[in-house]
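Residue numbers 61 to 275, in our numbering, belong to the letters of the sequence shown in order. Heads up, the beta-carbon is just placed ideally off N, CA and C, and yes, glycines get one too. What follows is a short report on a single structure.
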Amino acid sequence: MVSGGRHRTERTETAISNSRLARSRISGNEGLLWSADLGQAVCRAEPAFWDRSHPIGPPRSPPRRLPSMAQTAGYPMSKLEDAEEIRQLYARYCHAGDSGDCDAFAQCFTEDAVTDANGDVFKGREAIRKTCEAYRPVYATTPMRHVIANILISVEGDEAEATSYYLLLRADNEPGLLRTGTYRDRLRRVDGSWYLSEHVARSDGGRLTAPSTDE
């Protein structure tokens, strides 16, 4: 009985020693490693001066996940997800418009959306689709690419506002920059998805004339 008690005491002291050692290692320099089992970057408590010949060996505690940007900044994860969905919306807007997929382009807007391109105002999803159709001959002769950058997004419930820069690039055998400008937008969430409800474009260096949408 005494021997068994002594062994239990020794195991307890060893566990306490291991725990203290692990804590001391955690307080040291931590390395950022890719964990194949977690499929993500993790912080492992493994100082550069770790003596792997130590009989106790590395601590058995699981690696700690890196804090997310939302946890670090105190910013709600839901708003980060909304902002990413809005960025995806802008990507669809560019790809659909540049490829001439006017149905997909129109689907980036609410049914009652209003666009204002340097003073040329169009109201409603169908009018916006016709505007896209009017640009098809222009893009057939001079392929172009829209790039939207430096997007600032503010989300409040099912409404959002966004400001951004845009670049219009020529995409034929003489590629180059054609125009720069800004977008100032309002967005609305409808049935769980984000759409542009008000889209205001202003070109740097003066007004551009939009093609006629008259049939």
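Under 8 Å by Cβ, that's how I've got residue i and residue j pegged, so tell me the actual separation to the nearest angstrom.
i    : j    : result
A173 : L256 : 6 Å
R246 : E258 : 4 Å
R230 : T202 : 6 Å
M204 : L238 : 7 Å
T223 : T242 : 7 Å
If we ignore side chains and look at the alpha-carbon of each, how far apart do residue i and residue j end up?
i    : j    : result
D264 : R244 : 14 Å
I188 : A220 : 20 Å
D163 : T191 : 11 Å
R196 : G160 : 6 Å
V181 : C154 : 19 Å
Y225 : I146 : 15 Å
D176 : V260 : 5 Å
T170 : A143 : 18 Å
D158 : A166 : 13 Å
N178 : R262 : 5 Å
D251 : M137 : 20 Å
E216 : A156 : 27 Å
D232 : L140 : 36 Å
Y199 : L212 : 29 Å
P235 : S214 : 34 Å
G184 : D218 : 20 Å
S253 : C168 : 10 Å
A194 : E186 : 12 Å
Ends of the beta strand (DSSP E) at residue i?
i    : result
G157 : Segment M137 to S159 is the alpha helix (DSSP H) holding G157; no beta strand (DSSP E) there.
T202 : Where T202 is concerned, there is no enclosing beta strand (DSSP E), given that its DSSP letter is neither H nor E.
A261 : S253 to S263
A231 : No beta strand (DSSP E) contains A231, which DSSP labels as neither H nor E.
D172 : F169 to A177
D180 : D180 to K183
Taking the continuous alpha helix (DSSP H) assigned at residue i, which residues delimit it?
i    : result
D245 : Taken as a continuous stretch (DSSP letters only), D245 belongs to no alpha helix (DSSP H), being part of the beta strand (DSSP E) at G236 to V250.
A166 : C162 to A166
Taking one C-beta from the segment 149-169 and one from the segment 200-218 each time, how about it: are there three or more such pairs within less than 8 Å? yes
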